[in-house]
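What follows is a single structure, written as structure tokens, with notes after it.
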Amino acid sequence: MLDIRVRFAPSPTGAPHVGNIRTALFDYLWARHTGGKFILRIEDTDQAREVENGLELILESLRYLGLQWDEGPDVGGAYGPYRQSERLPLYAEHAQQLIAKGAAYYCYCTPERLEQMREAQHARGESTRYDYRCRYLSPEERAAHERAGDPKVVRLAVPREGKTTLRDFIHGDLTIANENVDDQVLLKSDSFPTYHLAVVVDDHLMKISHVMRGDDWVPSFPKHVLVYQAFGWEIPLHGHVPMVTGADKKKLGKRHGSTSVTQFRDDGYLPEAMLNFLVRLGWSYDDKTELFTREQLIEYFTLDKIEHAPAIFDYGKLDWLNGYYIRQLSDDDLAARMLPFFERARLKADRATLRALAPLLKERIKKLTEAVAWSDFLFVDDVEYDPRSLIGKGMDAASALAALRAAQHVLEKYPAFDDEQKIEAELRAASDQLGLKPAPFFGTLRVAVTGKTVSPPLAGSLGLLGREKTLRRIARAVMVLESKQSGDRVTG
RNA sequence: GCCGCAUUCGUCUAGUGGACCAGGACGCCGCCCUCUCAAGGCGGAGACCAGGGGUUCGAAUCCCCUAUGCGGCACCA
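Each residue of the first sequence is one higher than the one before, starting from 1262 at the first, in our numbering.
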């Protein structure tokens, strides 16, 4: 039985994208499912595109989702280093071997020349590709370039005939005619490898058993297969996972909304919801199950259930899932997870209050960020609102005033608001006595106390707000209505 | 332009020749519950399985063609 070793190999060019991280999830699940190893390798071979905190963003994203890696740049492992920029000699050496085997050659073409070449090809309506100029250089010409010290790259010598096939465990056999494959650069003039050399060398050296990557890599598989064959290496199992797209079916990008994993974290999405959502983009277990715990995913995940076609990232369904997982949280847990969002909003929310608030918000919020807007009235001195909203539908200023005074009477009797059920019952009775339906009665009280027309259940909210603030706010609302009434009389 | 991949309700998907006049979930609509908002319960609309040819007693499922969409065509990954 072969040792399962799968790797996630991002390049540190920015915050990891949900599409990429979905692939990482598949990698992780496959490793855990099989008892294999999940390896993190950093493909930092493009110095120009690298971002300073790129590595940190990758690690953060993986940690947020709990995709723990077994080998990687920070934890090491038997096949390191795990940063390609630290493996340069390896690539140079292997490029050398390919040249010796006649599978690759030095190319002295300048970027300017290549640019002109492509322009000309484009003008002629041809597909752009290297024109083989340096592939067939005479020994003399080659020596001249060497003597002149011209910068050079190493290019793969792709056969001009035949075709190359890759057995893909998601798509089946993929085949591309060699005549359509470019003589790709393998080693750049700055002595860094390109992706095409580095992946093959590293996947082989790191004994990777399964290569999973996005569908957008399909067109370049022949280059990799050819390199494997030139070395005489066994080709790992490959699977090209379908793309994750926006609603317009185009590759997910900034214009589609949030796309980076860390952004979702900051927007208040739970890792368990993200995990569940991401895995269902391109993978399913059966015809009924939508909800999966991490443990279940590890148990159920198999490669044969991966979808072939691209999937649209449905933000609405993610919200539903997130709401579902929030409802499953214990009050303590929810409180702990909400805390940072209140801190970020500069509200002095203490753990105990949040813990008591949790059951009230649990079934009302879809994201942790929403907790703040629902409950900020608890953590400020006073609330602002449009006085007109004190008067509900079917009410007038007089009835609203009566409702508030009745509430005042009821609430003043209680030294503490701890018996919510009893308070609610009494408020209801008071409302009844005034001949008001509960809706307008509680509505007026709600605005007076929370400043909102929508809030968590009132009795619970009053309990959390406390007697002093509650009564103060009601008294203020009474004054507002009184002055409004007298004002009405004066002007009317 | 060339090459490649894909195509089941709006969306994510189940489906691998008969159990499918196509099942589940999100969303949507209605009802119930209800102090607001949710959550929850119940019910409903929604896919001639991209189109056209075959193969077969029988096709969403196999083959061919077409269409459409997407992806790739760098000394980027």
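For each residue, glycine too, the CB sits at the ideal point set by N, CA and C.
Would DSSP call residue i helix, strand or coil?
i, result
"S1272", "coil"
"I1265", "coil"
"G1721", "helix"
"S1650", "helix"
"H1471", "strand"
"S1519", "coil"
"T1752", "At T1752, the pLDDT of 38 sits below 50, so the modelled position is not reliable; the number obtained from the coordinates is stated separately. Reduced to three states, the DSSP call for T1752 is helix."
"I1735", "helix"
"E1743", "helix"
"P1412", "coil"
"K1698", "coil"
"L1539", "helix"
"L1629", "coil"
"G1327", "coil"
"L1417", "strand"
"R1689", "helix"
"R1344", "strand"
"P1483", "helix"
"D1594", "helix"
"Y1391", "coil"
"Q1308", "coil"
"D1680", "coil"
"V1641", "coil"
"S1452", "coil"
"W1494", "coil"
"Y1530", "coil"
"E1785", "This structure cannot speak to residue 1785, because the chain is shown only from 1262 to 1753."
"Y1397", "coil"
"L1320", "helix"
"G1655", "coil"
"L1706", "helix"
Which stretch, first to last residue, makes up the alpha helix (DSSP H) that contains residue i?
i, result
"Y1289", "1279-1295"
"L1615", "1612-1622"
"P1372", "1372-1384"
"V1461", "1456-1466"
"Y1352", "1349-1361"
"S1660", "1658-1673"
Using the DSSP secondary-structure output, state which residues sit across from residue i in a beta bridge.
i, result
"A1429", "For clarity, residue 1429 is Asp in the given sequence; the question names Ala instead. G1433, H1499."
"W1478", "Its beta-bridge partners do not exist; DSSP assigns none."
"G1423", "None; G1423 has no bridge partner."
"G1727", "G1727 is not bridged to any residue."
"T1820", "No statement about residue 1820 is possible, as the shown extent of the chain runs from 1262 to 1753 and does not include it."
"I1573", "T1506"
"I1567", "W1544"
"A1438", "K1424"
"L1332", "In the sequence as presented, Leu is not what sits at residue 1332; that position holds Glu. BP columns for E1332 point to I1300."
"K1512", "T1506"
"G1337", "G1333"
"R1605", "DSSP lists no partner for R1605."
Which residue comes first and which comes last in the beta strand (DSSP E) that contains residue i?
i, result
"R1555", "Taken as a continuous stretch (DSSP letters only), R1555 belongs to no beta strand (DSSP E), being part of the alpha helix (DSSP H) at 1555-1561."
"G1577", "Where G1577 is concerned, there is no enclosing beta strand (DSSP E), although the alpha helix (DSSP H) it sits in stretches over 1576-1589."
"Y1366", "1365-1368"
"K1298", "1298-1301"
"L1447", "1446-1448"
Hey, is the segment 1570-1578 in contact with the segment 1553-1561, meaning 3+ C-beta pairs nearer than 8 Å?
No: fewer than three Cβ pairs fall under 8 Å.
Does the segment 1390-1397 come close enough to the segment 1367-1377 to have 3 or more Cβ pairs within less than 8 Å?
Here the segment 1390-1397 lies against the segment 1367-1377, with 3 or more beta-carbon pairs under 8 Å apart.
Can you find at least 3 beta carbon pairs, one from the segment 1295-1305 and one from the segment 1328-1342, that sit closer than 8 Å?
With the cut-off at 8 Å, the segment 1295-1305 and the segment 1328-1342 touch.
Using a Cβ distance threshold of 8 Å, determine whether the segment 1350-1357 contacts the segment 1447-1458, with at least three qualifying pairs required.
Judged by Cβ distances under 8 Å, the segment 1350-1357 makes contact with the segment 1447-1458, as three or more pairs qualify.
If we count Cβ pairs, one from each stretch, closer than 8 Å, do we get three or more for the segment 1720-1736 versus the segment 1662-1675?
Here the segment 1720-1736 makes contact with the segment 1662-1675; the two share three or more CB pairs at distances below 8 Å.
Taking 8 Å as the cut-off, does the segment 1468-1488 touch the segment 1428-1438 (at least 3 CB pairs, one atom from each stretch)?
Remark: three or more beta-carbon pairs, one from each stretch, lie closer than 8 Å, so the segment 1428-1438 and the segment 1468-1488 are flagged as touching.
How about the segment 1590-1599 and the segment 1689-1706: do they share at least three Cβ pairs that are nearer than 8 Å?
Put simply, the segment 1590-1599 does not touch the segment 1689-1706. Fewer than three CB pairs are less than 8 Å apart.
If we count Cβ pairs, one from each stretch, closer than 8 Å, do we get three or more for the segment 1315-1322 versus the segment 1272-1283?
Yes: the two stretches touch, three or more of their Cβ pairs being nearer than 8 Å.
Using a Cβ distance threshold of 8 Å, determine whether the segment 1602-1617 contacts the segment 1628-1647, with at least three qualifying pairs required.
Flag = yes, the segment 1602-1617 and the segment 1628-1647 touch.
Can at least three beta-carbon pairs, one atom from the segment 1342-1354 and one from the segment 1446-1455, be found at a separation below 8 Å?
Yes: at least three Cβ pairs fall under 8 Å.
Would you check if there are 3 or more beta carbon pairs closer than 8 Å linking the segment 1578-1588 to the segment 1310-1318?
Judged by Cβ distances under 8 Å, the segment 1578-1588 makes no contact with the segment 1310-1318, as fewer than three pairs qualify.
Evaluate contact between the segment 1540-1552 and the segment 1563-1570, counting only Cβ atoms and requiring at least three cross-stretch pairs below 8 Å.
By the criterion of at least three beta-carbon pairs nearer than 8 Å, the segment 1540-1552 is in contact with the segment 1563-1570.
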